[in-house]
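Contents: one structure, followed by commentary.
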Ligand SMILES: Nc1nc2c(c(=O)[nH]1)N[C@H]1C(S)=C(S)[C@@H](COP(=O)(O)O)O[C@H]1N2
Ligand SMILES: [Mo]
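Numbering (this note's numbering), first residue to last: 931 to 1126.
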């Protein structure tokens, strides 16, 4: 327990109640990308869902909007230890892409323009993952994954695949790009599931 004297005037760390262990508060919005930033026009954008039996569905930009976007207000946590609180987004819930899809999958592999991949647990992400296309009231910038990225804020931010263009449903878990390179298969920031 710390003891604070009333006359203490030294610099003190700002009190931040809601950060996962080992995280610090970031006010800016760092860009973390391996490789070049793809520039994809909304008119060319497409997202394809493939089930574990090989059925496919695709959405273009307008079809994605027709699924019904919503506002999201959430904290985000990067494994490199920055957290950003109260970020606001607009995006389509992952659930909407799965409406009427017959599947027994437990996991999703997200794929991106540029080739990045990351694996995500399906059940726990329903209601907690979005295909996001606006950040802070503006079109999502290319550096941050525009025109559209995955937003999975209950897991470390490497799971929030930028420039997402495919969702592959899987019965068994399988590692994506960073997961093959030592990052956790799950990545819960509150349990500090950073690496394995
Ligand atoms: N396609 C793609 N998505 C990606 C990455 C990437 O390199 N390529 N980096 C991941 C990592 S490690 C993080 S921390 C976040 C960073 O998102 P930001 O650049 O918008 O902060 O994107 C994730 N999504
Ligand atoms: Mo990251």
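In this text, a Cβ means the ideal position worked out from N, Cα and C, and glycines have one as well.
Only a predicted model underlies this, so the values are computations on that prediction, with no experimental measurement involved.
Inset, instruction - Could you check the C-alpha separation between residue 1069 and residue 1104 for me, to the nearest Å? - result: As a position in the chain shown, residue 1069 is number 139, starting the count at 1. As a position in the chain shown, residue 1104 is number 174, starting the count at 1. One C-alpha to the other measures close to 32 Å.
Legend entry - Residues whose Cβ lies closer than 6 Å to any heavy atom of ligand 2, in chain order: 962, 1008, 1009, 1010, 1087 and 1088
Legend entry - Every unbroken alpha helix (DSSP H) within the stretch 985-1024, with a cutoff of 4 residues, ordered by chain: 991-996
Inset, instruction - Report buried or exposed for residue 931, applying the criterion of at least 16 other Cβ atoms within 10 angstroms of its Cβ. - result: The count along the chain shown starts at 1 and reaches residue 931 at position 1. Because residue 931 carries a pLDDT of 36, less than 50, the predicted location of this residue cannot be relied on, and no value is offered for it.
Legend entry - Whether residue 1018 touches residue 1002 by CB criterion (8 Å): The residue given as residue 1018 occupies position 88 in the chain shown. The residue given as residue 1002 occupies position 72 in the chain shown. Taking 8 Å as the Cβ cut-off, residue 1018 and residue 1002 qualify as a contacting pair.
Inset, instruction - Consider the C-beta atom of residue 1078 and the heavy atoms of ligand 1; say whether any pair is separated by less than 7 Å. - result: Reading the chain shown from its first residue, position 148 is the one you call residue 1078. Distances between the C-beta of residue 1078 and the heavy atoms of ligand 1 are all 7 Å or more.
Inset, instruction - Indicate, with yes or no, if ligand 1 has a heavy atom lying under 7 Å from the CB of residue 1090. - result: In the chain shown, the residue the question calls residue 1090 occupies position 160. Answer for residue 1090: yes, Cβ within range of ligand 1.
Legend entry - Candidates 963, 956 and 957, of which the one nearest residue 1091 by Cα: Locating residue 1091 in the chain shown gives position 161, where the first residue counts as 1. Ranked by Cα distance from residue 1091, the first of 963, 956 and 957 is 963.
Inset, instruction - Give every residue of the same chain whose Cβ lies closer than 8 Å to the Cβ of residue 1011, excluding the five residues on either side of it in the sequence, and list them in chain order. - result: Here residue 1011 refers to the residue found at position 81 when the chain shown is read from its first residue. These residues qualify, in order along the chain: 952, 953 and 954.
Legend entry - Contact test: residue 1046 Cβ vs ligand 1 heavy atom, cutoff 7 Å: If you number the chain shown from 1, residue 1046 lands on position 116. At least one heavy atom of ligand 1 is nearer than 7 Å to the Cβ of residue 1046, so yes.
Legend entry - Counterpart residues of residue 1049 in DSSP-defined beta bridges: Reading the chain shown from its first residue, position 119 is the one you call residue 1049. In DSSP, residue 1049 forms a bridge with 1039.
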